[in-house]
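Trainee:
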Amino acid sequence: MTDLADVRDEYEFLDADDRYRMLIDLGRALEPMPDALKTDATLVRGCSASVWVYPTRRDDGVLHFLADSNAAITKGIIALVLLAVQDRPPATIAATDIADELAPFDLKNQLSSNRTQGIPNMIALIRETAARYG
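Position 103 of the sequence shown, counted from 1, bears residue number 250 in this note's numbering, the numbering being contiguous throughout.
#1: Should glycine 223 be labelled buried (16 or more other beta-carbon atoms within 10 Å of its own) or exposed?
#2: Pair every Cβ in the stretch 151 to 168 with every Cβ in the stretch 205 to 212, then say whether three or more of these pairs are closer than 8 Å.
#3: Which residues mark the beginning and the end of the beta strand (DSSP E) in which methionine 221 is found?
#4: Check whether the Cβ atoms of serine 197 and asparagine 217 sit closer than 7 Å, and answer yes or no.
#5: Determine, using beta carbons only, whether leucine 272 and valine 200 come nearer to each other than 7 Å.
#6: Name the two residues that bound the continuous alpha helix (DSSP H) containing arginine 166.
#7: Between alanine 238 and threonine 189, what straight-line distance do the alpha-carbon atoms span, to the nearest angstrom?
#8: So which of Thr221, Arg235, Ala277 and Gln264 has the shortest CA-CA distance to tyrosine 167?
#9: Ordered along the chain, which non-local residues of its own chain (more than five positions away) have a Cβ less than 7 Å from that of alanine 246?
#10: Confirm, please, whether the CB-CB distance from alanine 226 to leucine 177 is below 7 Å.
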């Protein structure tokens with residue numbers, strides 16, 4: 148995946164339809180999540196689409212997340228969230244204001260509310276994971 152700032156710079160110059168397509172493309176580029184990890188335990192509550200997040204801790208201590216959704220645009224939003232936290236130490240993730248990192252994308256105004264309602268729950272899950280490993 149690319150850097151969140153690079154994605155933001157490109158996103159700002161796109162019209163609504165192209166932004167939508169860009170999010171879908173980001174979602175398609177997510178690392179595949181094995182179906183065996185898509186369980187009730189990894190399901191993020193409160194999302195209109197099914198969203199699964201599975202954290203792992205690498206030997207060097209950084210957190211790596213596998214995530215997926217059954218909705219293409221939701222996968223794109225997941226990709227944005229992961230760009231803010233992927234492969235970083237738990238303390239760095241805990242100190243990151245993920246919602247603030249996503250604010251320039253103006254997702255609430257770009258997408259319907261049912262597409263964005265689960266974002267806070269996904270962010271909370273990531274922050275809880277970072278705190279647990281931190």
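Beta carbons: idealized from backbone N, C-alpha and C, even for Gly. Treat the numbers as computed from the prediction; the structure is a model and nothing was measured.
Mentor: Reading it off the structure:
#1: The count along the sequence shown starts at 1 and reaches residue 223 at position 76. Buried: at least 16 other Cβ atoms inside 10 Å.
#2: Because the criterion of three Cβ pairs below 8 Å is not met, the stretch 151 to 168 and the stretch 205 to 212 do not touch.
#3: Mapped onto the sequence shown, residue 221 falls at position 74. The question names methionine, but residue 221 in the sequence shown is threonine. From DSSP, threonine 221 is part of no beta strand (DSSP E) but of the alpha helix (DSSP H) over 219 to 232.
#4: Taking the sequence shown and counting its residues from 1, the one referred to as residue 197 is at position 50. Taking the sequence shown and counting its residues from 1, the one referred to as residue 217 is at position 70. Yes, the Cβ-Cβ distance between serine 197 and asparagine 217 is below 7 Å.
#5: To locate residue 272, count along the sequence shown from 1; it is residue 125. To locate residue 200, count along the sequence shown from 1; it is residue 53. Contact: yes.
#6: Taking the sequence shown and counting its residues from 1, the one referred to as residue 166 is at position 19. Per DSSP, arginine 166 belongs to the alpha helix (DSSP H) from 163 to 175.
#7: Counting from one through the sequence shown, the residue named residue 238 turns up at place 91. Counting from one through the sequence shown, the residue named residue 189 turns up at place 42. For alanine 238 and threonine 189, the distance between alpha carbons rounds to 22 Å.
#8: For the purposes of this step, residue 167 is identified with residue 20 of the sequence shown, where counting begins at 1. When each option's Cα is compared against that of tyrosine 167, the closest is Thr221.
#9: Residue numbering aside, residue 246 sits at position 99 when the sequence shown is read from its first letter. Closer than 7 Å at Cβ, skipping near neighbours: Ile270.
#10: For the purposes of this step, residue 177 is taken as residue 30 along the sequence shown, with counting starting at 1. For the purposes of this step, residue 226 is taken as residue 79 along the sequence shown, with counting starting at 1. Contact: yes.
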